[in-house]
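Chains as they are written, first to last, in the numbering used here: chain A, 700 to 971; chain C, 2 to 277. No residue lacks a Cβ here, since even glycine has one placed at the ideal position from N, Cα and C. All figures in this text were calculated on a predicted structure; none of them were measured in a lab. One structure is given here, and the rest of the page talks about it.
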Amino acid sequence: MKLFVVMAALGMMFMLGCSKAEEKKAEEAPKAEAPAAEQAAAPAPAPEMVEITFASDCTWPPMEFLDADKNIVGFSPDLLEAMGKAGNFKPVIQNTAWDGIFAGLAAGKYQAISSSVSITEERKATMDFSDPYFEVKQGVLVQKDSGIATVEDLKGKVIGAQIGTTGYFAAGQIDGAEAKSYDEVGLAVEDLYNGRIDAAICDDAVAYDYALQNEKYKDTLSLAFVLETDQKEYLGFAVQKGDTETVKILNEALAKVKASGEYDTIYAKWFK
Amino acid sequence: MKDNKFVNINVGDGAAIPDKKDRGLFNAWWISLIGGLGIILFLITTKPDPYLDILKFLPDGVLVTFEVTILSIIGALILGLITGLGRISRVRPINLIASTYVEVVRGIPLLVQLFYIYFALGQLFRELPETNFVFIFLKNMPPLVAAVSAMSICYGAYMGEVFRAGIESIDRGQSEASRSLGFNRSQTMRYVILPQAWRTILPPVGNEFIALLKDSSLVSILAVADLLRRGREFASVSFNYFEAYTMVALVYLIITLILSKGVSYMESRLNYYVRD
């Protein structure tokens with residue numbers, strides 16, 4: 700009986716809390732709408748700031764990751780902010796798991812992807828890209844005493860990489876090596892650190908970060924070499940197939956940021 | 002059945018006898034199987050481009066899923082039986098250990114347990130000295146072993162509860178009767194209680210088997226190349242998300258149906274009242 704009374708009291712409190720929260724919302728709603736309505740009525744204001752939603756898999760330091768306070772930081776968030784200022788749009792970054800990030804774009808859950816996406820021919824078939832904003836190479840991480848120094852040394856070894864990344868595709872193309880796909884690059888690096896795989900492949904910037912910057916890994920891991928490829932690989936912002944409008948906004952903004960020298964400042968901040 | 006003379010003490014007082022009308026072609030099982038296989042056949046013949054390619058990509062994943070599931074079922078059954086008996090044990094420490102195991106494991110999601118056993122313990126093992134073969138094994142624990150242990154430990158807790166409930170469902174008079182016939186406690190359990198309880202236990206245990214098979218998809222987080230991961234790998238390269246996951250769903254359905262048939266066959270074997 701006692702328990703029932705306590706439960707009932709808790710239930711009541713919960714319901715009261717809910718209805719109060721709803722009231723508050725109801726009060727706030729008209730206030731929030733009012734200025735928007737005024738703005739619309741005002742004669743020809745400055746061209747309206749558009750909001751562009753970007754999906755970002757924030758597990759890819761130093762390109763995009765979460766800091767200790769759960770803020771999205773890194774090279775590309777900084778670049779997007781500068782681009783937003785130059786191109787008069789408001790970038791909203793949405794942390795999204797890599798697995799399904801392209802499916803989400805196709806489904807229209809966000810307008811663009813800013814997640815160190817390499818521009819590849821296969822991807823171009825299903826999505827459009829902005830101009831390239833970064834050149835990447837694929838870096839091979841190994842344990843320091845492994846003796847792996849060239850591609851030939853990887854024969855018969857197990858290589859980990861994040862699923863659906865160019866690093867994973869590269870791992871699959873190395874003769875005689877077994878490619879293993881992980882949900883996140885961090886899990887592959889952890890497995891490498893624990894000695895369960897022989898190498899991990901990811902973007903060189905990320906590989907540098909894990910091998911040389913990370914307190915936990917820097918004594919054990921090292922960047923063995925960077926994969927040689929015939930074609931240069933670039934990162935771009937991916938948008939839905941046929942979304943020329945967003946591509947135009949992004950390209951113009953990117954050009955402005957590069958011209959003003961701001962790009963180099965941001966680059967220096969993250970890669971020095 | 003050689004134990005019939007003991008079980009028959011209770012004839013007429015057992016669980017409800019299932020009637021036979023559910024057999025034949027038009028029950029849910031056949032509809033699902035023919036439907037699933039039909040859709041797969043239809044898809045691979047009309048659109049072989051992604052669908053047949055996906056199907057060809059999956060077989061080793063299916064094998065891994067089978068491997069994980071069957072090993073985990075065996076592990077979970079053993080752990081479950083031990084736990085179930087431990088939970089009804091009158092020896093206080095045994096009871097306490099079994100109960101604590103159930104409470105703790107049941108309270109932690111399987112995905113977290115998988116992460117913990119593989120990645121968190123992996124880091125701990127890393128620091129162990131390579132002094133004996135156990136440490137060396139733990140240090141190089143393959144993902145499959147980690148996956149099977151985590152799933153066995155997790156499902157062992159659930160099955161322990163099923164076993165306990167099944168054993169407790171047998172009337173007290175049964176054990177009293179067998180004790181007065183001169184059986185000791187373990188004989189009572191082996192020849193009287195468990196054979197009867199098994200009949201009550203089997204349907205929920207079969208349910209756990211099927212749930213376990215589907216949950217085995219979680220092990221793909223450890224980079225174990227199971228059915229789901231194979232599907233994801235295909236989708237990640239070709240961007241055929243819809244097609245790949247459709248195929249993966251259908252293949253899981255077919256495997257689950259096969260497993261459920263196996264369980265219902267075992268059930269019918271145990272229902273000796275109506276067995277043909």
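Residues of its chain near residue i, where Cβ-Cβ distance is below 7 Å and the 5 sequence neighbours each way are ignored
i                     : result
residue 722 (chain A) : Note that residue 722 (chain A) scores 47 on pLDDT, short of 50, meaning its location in the model is unreliable; the coordinates nonetheless yield the value given after this. Cβ within range, chain order: n/a, list empty.
residue 214 (chain C) : 70, 256, 257, 260
residue 726 (chain A) : With a pLDDT of 46 at residue 726 (chain A), under the threshold of 50, the modelled position of this residue cannot be trusted; read the value that follows with caution. Correct list: empty, nothing qualifies.
residue 803 (chain A) : 754, 795, 809
residue 229 (chain C) : 218, 221, 249
residue 833 (chain A) : 933, 934
residue 905 (chain A) : 759, 760, 762, 884
residue 848 (chain A) : 923, 924
residue 800 (chain A) : 754, 756, 812, 814
residue 914 (chain A) : none
residue 271 (chain C) : 199, 200, 203
residue 776 (chain A) : 763, 792
residue 734 (chain A) : Reliability of the predicted coordinates at residue 734 (chain A) is poor, the pLDDT of 48 falling under 50, and the value obtained from them is presented with this limitation in mind. Within the same chain, residue 734 (chain A) has no close Cβ partners at all.
residue 87 (chain C)  : 95, 96, 98, 99
residue 940 (chain A) : 825, 826, 827
residue 40 (chain C)  : 251
Same chain only: Cβ atoms within 8 Å of residue i, ignoring 5 sequence neighbours per side
i                     : result
residue 789 (chain A) : 748, 749, 750, 751, 783
residue 791 (chain A) : 750, 751, 752, 753
residue 772 (chain A) : 763, 764, 765, 766
residue 188 (chain C) : 179
residue 958 (chain A) : none
residue 184 (chain C) : 192, 193
residue 926 (chain A) : 836, 837, 838, 839, 850, 869, 900
residue 882 (chain A) : 796, 797, 798, 861, 862
residue 867 (chain A) : 860, 861, 878, 880, 900
residue 831 (chain A) : 818, 933, 934, 935
Neighbour-count burial assignment, residue i, 16 or more Cβ in a 10 Å radius
i                     : result
residue 182 (chain C) : exposed
residue 129 (chain C) : exposed
residue 970 (chain A) : exposed
residue 143 (chain C) : exposed
residue 861 (chain A) : buried
residue 646 (chain A) : As displayed, chain A neither begins before 700 nor continues past 971, which places residue 646 (chain A) out of reach and without an answer.
residue 209 (chain C) : buried
residue 907 (chain A) : buried
residue 104 (chain C) : exposed
residue 51 (chain C)  : buried
residue 35 (chain C)  : exposed
residue 781 (chain A) : buried
residue 816 (chain A) : buried
residue 842 (chain A) : buried
residue 729 (chain A) : Low per-residue confidence applies at residue 729 (chain A): pLDDT is 46, beneath 50, and the placement is therefore not dependable enough to give any value.
Residues that residue i bridges to, as DSSP identifies them
i                     : result
residue 246 (chain C) : DSSP lists no partner for residue 246 (chain C).
residue 921 (chain A) : A:841
residue 140 (chain C) : BP columns for residue 140 (chain C) are empty, so no partner.
residue 175 (chain C) : Note: residue 175 (chain C) sits in no beta bridge, so no partner.
residue 861 (chain A) : A:881
residue 57 (chain C)  : BP columns for residue 57 (chain C) are empty, so no partner.
residue 758 (chain A) : A:764
residue 788 (chain A) : A:749
residue 794 (chain A) : A:755
residue 901 (chain A) : A:838
Distance cut-off 7 Å: residue i Cβ against heavy atoms of the ligand SAH
i                    : result
residue 36 (chain C) : The model on display carries no ligand, and the ligand SAH is accordingly not part of it.
Residues near residue i in its chain [Cβ-Cβ closer than 6 Å; skip 5 each side]
i                     : result
residue 949 (chain A) : 829, 936
residue 81 (chain C)  : 157, 160, 161, 164
residue 897 (chain A) : 856, 857
residue 139 (chain C) : 126
residue 170 (chain C) : 201
residue 151 (chain C) : 114, 115, 118
residue 944 (chain A) : none
residue 167 (chain C) : 198, 201, 202
Chain E within 8 Å of residue i, Cβ atoms only
i                     : result
residue 965 (chain A) : Here the protein chains are A and C, and chain E is not one of them.
task: Please specify which runs of the alpha helix (DSSP H), each continuous and at least 4 residues long, are wholly inside the stretch 69-130 of chain C, giving them in chain order.
output: Counting whole runs of 4 or more residues, the stretch 69-130 of chain C contains the alpha helix (DSSP H) stretches 93-107, 111-116, 122-127.
query: For the stretch 797-829 of chain A, which residues have a CB atom closer than 7 Å to at least one CB atom of chain C, in sequence order?
result: Listed in sequence order: 798, 801, 802, 825.
- request: Can you give me, in chain order, the residues of the stretch 222-244 of chain C that have a beta carbon less than 9 Å from any beta carbon in chain A?
  value: Result list: 222, 223, 224, 226, 230, 233, 234, 236, 237, 238, 239, 240, 242, 243.
- prompt: Which residues, taken in chain order from the stretch 131-142 of chain C, show a beta carbon closer than 9 Å to some beta carbon of chain A?
  reply: Going along the stretch 131-142 of chain C in chain order, one finds 140, 141, 142 with a Cβ nearer than 9 Å to chain A.
Residue ranges of each beta strand (DSSP E) within the stretch 826-850 of chain A, 3 or longer: Taking only runs of at least 3 residues, the beta strand (DSSP E) segments lying wholly in the stretch 826-850 of chain A are 826-828, 833-835, 837-842.
task: Using a Cβ-Cβ cut-off of less than 8 Å, list which residues of the stretch 114-128 of chain C approach chain A; keep chain order.
output: Along the stretch 114-128 of chain C, going in chain order, the ones with a CB nearer than 8 Å to a CB of chain A are 120, 123, 124, 126, 127.
- prompt: Which residue spans inside the stretch 936-962 of chain A form an unbroken alpha helix (DSSP H) run of at least 4?
  reply: Fully contained in the stretch 936-962 of chain A are the following alpha helix (DSSP H) runs of length 4 or more, in chain order: 943-958.
- request: Determine which residues of the stretch 876-899 of chain A have a Cβ less than 8 Å from any Cβ of chain C, and write them out in chain order.
  value: Residues 879, 880, 881, 882, 886, 887, 889, 890, 892, 893, 894, 895.
- request: Taking a Cβ distance cut-off of 8 Å, strictly less, list which residues of the stretch 848-870 of chain A are near chain C, in chain order.
  value: Those residues of the stretch 848-870 of chain A that come within reach of chain C (Cβ to Cβ, closer than 8 Å) are 859, 862, 863, 867, 868.
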